[in-house]
Amino acid sequence: MVGLQFTLEWSDMAWRLGAAAAAGVLIGLNRGERGKAAGLRTTLLVILAAALAMILGNLLIPTHGKAADSFVQLDMMRLPLGILTGIGFIGAGTILKKSDLIIGVTTAATIWYVSVLGLCFGAGQFALGAAGTILALIVLAGLAWIEPILKQEQRAILEIVIESGDRSLPIPSSEGELRALIQSSGRRIVSCDTDVERVGDQLFRRRFVLELRWQARRRHNLTPVFLKDLESRPGVTRVTWQVIPTSG
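Taken in order, the sequence shown gives residues 353 to 600; the numbers are from the working numbering.
In structure tokens:
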């Protein structure tokens, strides 16, 4: 069986690496100006590594198809597939989980995506690589303006502390009133923890910790009006409102 012959000139390799670098710069600048972990240098290194791997695969094509007793038996697809697997480990390292908050998923997806673009340019598929670059910029830059407009689930922790001589005294005058007050603002109570401790001979401190959820725009995190109502209630010593950041 006669081996396949394929000649790749230095000028061809230069064009492929140059196109990959240009795509990496465009995507890297977009991520870098937003302060993301995968900035200009990261995307450049990833996309150039993928392009080099694909070029190497093209250069090794003449060694493919040798006789069965030849010492060279190569599967050209293993090289780009190995690159994608390795990039997957890098992307996994950018994903962080803190409690229920997960960040870095878009960064990981960007790293994996630019590696695919590198394979496209490394294989000489300039039109496909250019189309992929344009799509990436539309997703990363264009949709970044749309996301703040869309409503998504918001979360917050509300803490209420009251001191009273009555151990069983709820807030404001009943727990049902408290829930009605919060739900009237469009927020729902997901969980409610309470504890009571003695702070004096006839003084008790009761603490409520509530997790609230509601639908709103990402940047619409104004302090709810009902907090002032709670703060003005007799016996209430502290009202704390903490918005839990959403993942992105």
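Just so you know, even glycine gets a beta-carbon here, dropped at the ideal spot from N, CA and C.
Determine the DSSP secondary structure at Glu385, reduced to helix, strand or coil.
Looking at Glu385 - three-state DSSP - the assignment turns out to be coil, as it is neither helix nor strand.
Are Ala372 and Phe478 close, meaning C-beta to C-beta below 7 Å?
No, they are not a contact pair.
Let me confirm a value: Ile502 is counted as buried when at least 16 other C-beta atoms fall within 10 Å, else exposed. Which label applies?
Before going further, note that residue 502 is Leu rather than Ile in the sequence given. So Leu502 ends up on the exposed side.
Should the region 395–412 be regarded as contacting the region 462–476, the criterion being three or more beta carbon pairs within less than 8 Å?
With the cut-off at 8 Å, the region 395–412 and the region 462–476 touch.
Does Val463 come out as helix, strand or coil in the three-state DSSP assignment?
Looking at the sequence provided, one finds Ile at residue 463 rather than Val. Of the three classes helix, strand and coil, the one that applies to Ile463 here is helix, per DSSP.
Glu361 - DSSP class collapsed to helix/strand/coil:
Coil.
Ile509 to Thr459 span [Cα, whole Å]
The alpha-carbon of Ile509 is positioned some 28 Å away from that of Thr459.
What did DSSP end up calling Arg393 once you bin it into helix, strand or coil?
If DSSP states are grouped into helix, strand and coil, Arg393 belongs with the helices.
Just how far apart, CA to CA, sit Glu505 and Val542?
When only Cα atoms are considered, Glu505 and Val542 end up about 12 Å apart.
Spatial neighbours of Ile321 in its chain, beta-carbon cut-off 7 Å, leaving aside the 5 residues before and after:
There is no way to answer for residue 321, as the model of the chain reaches only from 353 to 600.
Taking the straight line between their C-alpha atoms, what separation do you get for Ile498 and Leu492?
Between Ile498 and Leu492, the C-alpha separation is close to 11 Å.
Distance between Leu533 and Leu579 (C-alpha atoms, nearest Å)
The straight-line gap from Cα to Cα measures roughly 10 Å.
Is Thr395 near Ile379, with beta carbons less than 7 Å apart?
The answer is yes: Cβ separation under 7 Å.
Cutting at 6 Å between CB atoms, please list the residues of its own chain near Val456, excluding the five before and the five after it.
A quick correction: the sequence has Gly, not Val, at residue 456. Thr446, Ile447 and Leu448.
For Thr485, count neighbouring C-beta atoms within 10 Å of its own C-beta (all shown protein chains included) and say buried if the count is 16 or more, exposed if not.
Counting every other CB atom within 10 Å of its CB across the protein chains shown gives Thr485 a total of 16 or more, marking it as buried.
Where does Asp581 fall in DSSP's three states?
DSSP places Asp581 in helix when its eight states are reduced to three.
If we count the other Cβ atoms within 10 Å of its Cβ and call it buried at 16 or more, is Ile512 buried or exposed?
Of the other Cβ atoms in all chains shown, 16 or more fall within 10 Å of the Cβ of Ile512; this residue is therefore buried.
Please name the residue in Arg557, Leu489, Arg507 and Glu563 whose C-alpha comes closest to that of Arg531.
Here the closest residue by C-alpha is Glu563.
Start and end residues, beta strand (DSSP E) containing Ile541:
Its beta strand (DSSP E) spans residues Arg540 to Arg550.
Under 8 Å by Cβ, that's how I've got Val561 and Asp581 pegged, so tell me the actual separation to the nearest angstrom.
Taking C-beta atoms under 8 Å as the contact rule, Val561 and Asp581 fail to qualify, at a distance of about 19 Å.
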